[in-house]
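Chains as they are written, first to last, in my numbering: chain F, 22 to 328; chain X, 1404 to 1989. In this text, a Cβ means the ideal position worked out from N, Cα and C, and glycines have one as well.
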């Protein structure tokens, strides 16, 4: 039986044409092809460059300023951007330099995004792949656990954690990560179920490969495409959740800050000092847009259909 | 089948005249010509067979006729498509939409995916009628019922309300045909409509298409990779190779007096029920890489002689094997019934022989193979391999056994991990079983395997998607050989390949058997292939083994009606009038 279609036939025409066959003997991986396609996507590439700039700025930027993120300048409270005093973004109502605070906030926001996503990635992939691979009762039990965790209200969980353990930035990482991985586990499980009955998995089984090997060498690498896309969409989601928590006053603690906390403060004296809202909000928006565009680009580039 | 002799080339008034058609595709770094200055006619009421391997441009030609070439990247750079004198290429998209499905319709290869799963089949047929004939719903449904009756769907009154998943593969293809002929088209394009079907169903569908063509007097363009399929069907044959037409002519002339070496190769590469050479002839025997004709050495025609291997020691013994799948029902999920996929099958396989298993899809032949390899657990019975019962093996013992028994799957597209290089794919099983001393040694072994299956060892660093279907199947064979097995189950291993490639892979399997003393169980729905490669053949039906005997005995003296029906359904490969002639010369 030939599960092929005319479109595939067309692809075959393209693939088996002599000129293509003459290509260098060197192998080209799917990632290489994906990269070639991603390069064509100007929006995604531009976003990646902007994101890289933001990261560099957030790491190295504070060194360019003579001010400390928690130092209060008693003479200059709520002043607009002023280059002569090196307050590039102005100061907040307490006289702290906004340029440095925005970049410090960026460190926290991006760190929360990355760490929480990483946590969700590790738990989610392992959990989902195991549930999907073993199927049957194991799968039913594991997914019911996920359903129960889903049913817990997230805000309630965070407030409970705060009350019991006190306000701690690491707790926020953990809380968000522990919440986000549920989505990842579901996506990975669904993909694994459809991969489970691919013939190359059966072939590995017939070759005597152990279950661990099949899961981590054959299934997980094939999930990376969709996971990569999902990660770029999860990071902004996490940053937003953190912003929301900070907005509610449950996030990072003074004098530390994050983009979400800065936007919260800025919104309060928006009328007298609009710069204290504009700059952090701008950084937040640019970062979120960049992640989303990269995610879209990756999804197109990794689509197996235009292999 | 067809009683009237075909004169072909009724050039008087062609229905569709393709003149100098060229289609190109623009990729990132080059322009690929998929169809190169192609011209041929489809006369009214006649069938033209368009034959070629995948990638030869035959499907692109049909898409061009339908006006379905995606533009860009596609571009029609020259030619005209004269449909009753009007050039289809000059029509606007909205004019083409009116023609498609009404005056020209198309049947696709894969009936499983060409029907929309969420609509009843009645409404899918009625939709075409309401769209093109402006019928009201009630009228269209009545017509749909009539059409279902015409294409031989039993109980059309009830079946019209069925969803696609409630029908079998053959029935779905009948529904597709009903949709295609709903508006009584003048031209019907069939793109490999029977490739996905079993032989018996294939014969029924082909017969049906012939009937309908007579009834509606349609012109038909029948696209296939298998000359055997159209032998009984087509009036004229057009052979395409690498984007060009290499030969055209009436079907009888093509079979008796093919001019182009490619056509000769295509005719020769299909195994017949009798008089096969020792190794199947392939296109490469008739033509070199550059397309020049070669003289086939006489020893290539040496007939196949099968040795009697029943004296060899028994390698595999299957005793009363049962694999039942429970059917659960009710609120508490209690087992109500069983699907008996394999039901009380006993057989023995001797060292060095090939046991063929044939039967239609769903007969349990694949489940039997999987159960023997412990990829599926058995309900009851015993499998004894080389004196050890393998039913209770586990852990290390099972793993060790796996290096001795291997499987090659059907679909070369899904049986290789797309994320791994060929080198990794071939060395992984060696690493699992501790074959080879180190990485370097395993890599050298992998290179050796590549040579064994006629692939270039330099290609080890490539990924599966860079290979064609036939090459991928060779890689699958190499992977199975990596653990140095003595027994291999080939589960429909050549069914997804073009006939010309199929012949090469069959030859390779035979060469490897001779060289390494392998034992095969060869599972297939294609009886002529099984007959060619097997020493003994078992016929399966509804989970049971109906008969098991030497290949020759099964084909000459079938004992059951079922086997006789299967045999009658095989496309003869050459028109019947010529079969006798060929028999006399052999």
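Rounded straight-line distance, which links the Cα of residue 1866 of chain X to that of residue 242 of chain F: The residue labelled residue 242 of chain F in the question sits at position 221 within the first chain. The residue labelled residue 1866 of chain X in the question sits at position 463 within the second chain. One C-alpha to the other measures close to 14 Å.
Residue 1905 of chain X - partner residues in DSSP beta bridges: What you label residue 1905 of chain X is simply residue 502 of the second chain in a count that begins at 1. Beta-bridge pairing links residue 1905 of chain X to no other residue.
Residue-level contact to chain X via CB, residue 243 of chain F, 8 Å cutoff: Here the question's residue 243 of chain F lines up with position 222 in the first chain. So, interface residue.
Below-8 Å beta-carbon distance, residue 1812 of chain X vs any chain F residue: Locating residue 1812 of chain X in the second chain gives position 409, where the first residue counts as 1. Residue 1812 of chain X counts as touching chain F.
Residues that DSSP places opposite residue 1727 of chain X in a beta bridge: Here residue 1727 of chain X refers to the residue found at position 324 when the second chain is read from its first residue. Per DSSP, X:1743.
Per-residue DSSP class, three states only, for residue 148 of chain F: In the first chain, counting from the first residue as 1, residue 148 of chain F sits at position 127. Helix at residue 148 of chain F.
contact_flag[the segment 1880-1894 of chain X, the segment 1834-1848 of chain X] where n(CB pairs < 8 Å) is 3 or more: yes
Cut-off 6 Å between Cβ atoms - residues of its own chain near residue 312 of chain F, not counting five sequence neighbours on either side: Against the first chain, residue 312 of chain F aligns to sequence position 291. Excluding sequence neighbours, residue 312 of chain F sits near 253, 256, 257.
Within chain X, the residues that residue 219 of chain F reaches when beta carbons sit closer than 7 Å: The residue you call residue 219 of chain F lines up with position 198 of the first chain. 1817, listed in chain order.
Straight-line Cα distance separating residue 1625 of chain X from residue 1637 of chain X: Residue 1637 of chain X sits at position 234 when you count from the first residue of the second chain. Residue 1625 of chain X sits at position 222 when you count from the first residue of the second chain. Rounded to whole angstroms, residue 1637 of chain X to residue 1625 of chain X spans 8 Å at the Cα level.
Residue 1482 of chain X in three-state terms, based on DSSP: Within the second chain, residue 1482 of chain X is the residue found at index 79, counting from 1. Looking at residue 1482 of chain X - three-state DSSP - the assignment turns out to be strand.
Outcome for residue 64 of chain F when other beta-carbon atoms lying within 10 angstroms are tallied against a minimum of 16: To locate residue 64 of chain F, count along the first chain from 1; it is residue 43. Residue 64 of chain F should be labelled exposed.
Extent of the continuous beta strand (DSSP E) to which residue 1508 of chain X belongs: Residue 1508 of chain X sits at position 105 when you count from the first residue of the second chain. Start and end: 1507-1510.
Host alpha helix (DSSP H) of residue 311 of chain F (start-end): To locate residue 311 of chain F, count along the first chain from 1; it is residue 290. That run of the alpha helix (DSSP H) goes 296-323.
Residue of F:295, F:268, F:122 minimising C-alpha distance to residue 80 of chain F: Residue mapping note: residue 80 of chain F aligns to position 59 of the first chain, counting from 1. Closest by alpha carbon: F:122.
Residue 1959 of chain X - DSSP class collapsed to helix/strand/coil: Here residue 1959 of chain X refers to the residue found at position 556 when the second chain is read from its first residue. Looking at residue 1959 of chain X - three-state DSSP - the assignment turns out to be helix.
In DSSP terms, what residue 1893 of chain X is bridged to: As a first step, residue 1893 of chain X must be located in the second chain, where it is residue number 490. Its beta-bridge partners are X:1811, X:1925.
Proximity test, Cβ basis, 8 Å: residue 1820 of chain X and chain F: Mapped onto the second chain, residue 1820 of chain X falls at position 417. Output row for residue 1820 of chain X: interface = yes.
Neighbourhood of residue 192 of chain F by C-beta distance below 7 Å, restricted to the same chain and skipping five residues each side: Here residue 192 of chain F refers to the residue found at position 171 of the first chain. Result list for residue 192 of chain F: 182, 186, in chain order.
Cutoff 8 Å: residue 1886 of chain X Cβ touching any chain F Cβ: For this step, residue 1886 of chain X is matched to residue 483 along the second chain. Chain F contact via Cβ: present.
Whole-angstrom C-beta distance between residue 1543 of chain X and residue 1533 of chain X, which should lie under 8 Å: Reading the second chain from its first residue, position 130 is the one you call residue 1533 of chain X. Reading the second chain from its first residue, position 140 is the one you call residue 1543 of chain X. Residue 1533 of chain X to residue 1543 of chain X, Cβ: 5 Å. Contact.
Pairwise C-alpha distance: residue 281 of chain F and residue 261 of chain F: Locating residue 261 of chain F in the first chain gives position 240, counting from the first residue. Locating residue 281 of chain F in the first chain gives position 260, counting from the first residue. For residue 261 of chain F and residue 281 of chain F, the distance between alpha carbons rounds to 7 Å.
Assigned exposure category for residue 2036 of chain X - 16 Cβ within 10 Å defines buried: With chain X represented from 1404 up to 1989, any question about residue 2036 of chain X goes unanswered, as that position is not in the structure.
Proximity test, Cβ basis, 8 Å: residue 275 of chain F and chain X: Along the first chain, read from residue 1 onward, the residue named residue 275 of chain F stands at position 254. It does not; no Cβ of chain X falls within 8 Å.
Residue from X:1563, X:1538, X:1518 whose Cα sits closest to the Cα of residue 1586 of chain X: Locating residue 1586 of chain X in the second chain gives position 183, where the first residue counts as 1. The shortest Cα separation from residue 1586 of chain X among X:1563, X:1538, X:1518 belongs to X:1538.
CA nearest to the CA of residue 1468 of chain X, picked from X:1507, X:1648, X:1963: Numbered from its first residue, the second chain carries residue 1468 of chain X at position 65. Comparing Cα-Cα distances from residue 1468 of chain X to each of X:1507, X:1648, X:1963, the minimum goes to X:1507.
Check whether residue 224 of chain F and residue 58 of chain F have beta carbons under 8 Å apart: Taking the first residue of the first chain as position 1, residue 224 of chain F is located at position 203. Taking the first residue of the first chain as position 1, residue 58 of chain F is located at position 37. For residue 224 of chain F and residue 58 of chain F, no; Cβs fall outside 8 Å.
Meets three-Cβ-pair contact criterion under 8 Å: the segment 1755-1773 of chain X and the segment 1683-1703 of chain X: no
Contact set between the segment 1778-1803 of chain X and chain F, restricted to residues whose Cβ is under 7 Å from the partner: 1778, 1802
CB of residue 88 of chain F within 8 Å of CB of residue 113 of chain F, strictly: The residue labelled residue 88 of chain F in the question sits at position 67 within the first chain. The residue labelled residue 113 of chain F in the question sits at position 92 within the first chain. Result no, Cβ atoms of residue 88 of chain F and residue 113 of chain F do not sit closer than 8 Å.
Residues within the segment 221-237 of chain F neighbouring chain X, beta-carbon criterion of under 7 Å: 221, 223, 224, 226, 227, 228, 229, 230
Residue burial classification, residue 1606 of chain X (beta-carbon count within 10 angstroms, cutoff 16): In the second chain, the residue the question calls residue 1606 of chain X occupies position 203. It counts as buried.
Cut-off 6 Å between Cβ atoms - residues of its own chain near residue 338 of chain F, not counting five sequence neighbours on either side: A question about residue 338 of chain F goes unanswered here, because the residues of chain F that appear run from 22 up to 328.
Residue range of the beta strand (DSSP E) that includes residue 1440 of chain X: Counted from its first residue, the second chain places residue 1440 of chain X at position 37. Residue 1440 of chain X -> beta strand (DSSP E) spans 1434-1446.
Three-way DSSP call (helix, strand, coil) for residue 1429 of chain X in this model: Your numbering for residue 1429 of chain X matches position 26 in the second chain. Note: residue 1429 of chain X maps to strand in three-state DSSP.
Of the residues X:1953, X:1930, X:1935, X:1961, the one placed nearest residue 1974 of chain X, counting alpha carbons only: Mapped onto the second chain, residue 1974 of chain X falls at position 571. The candidate whose alpha carbon is nearest that of residue 1974 of chain X is X:1930.
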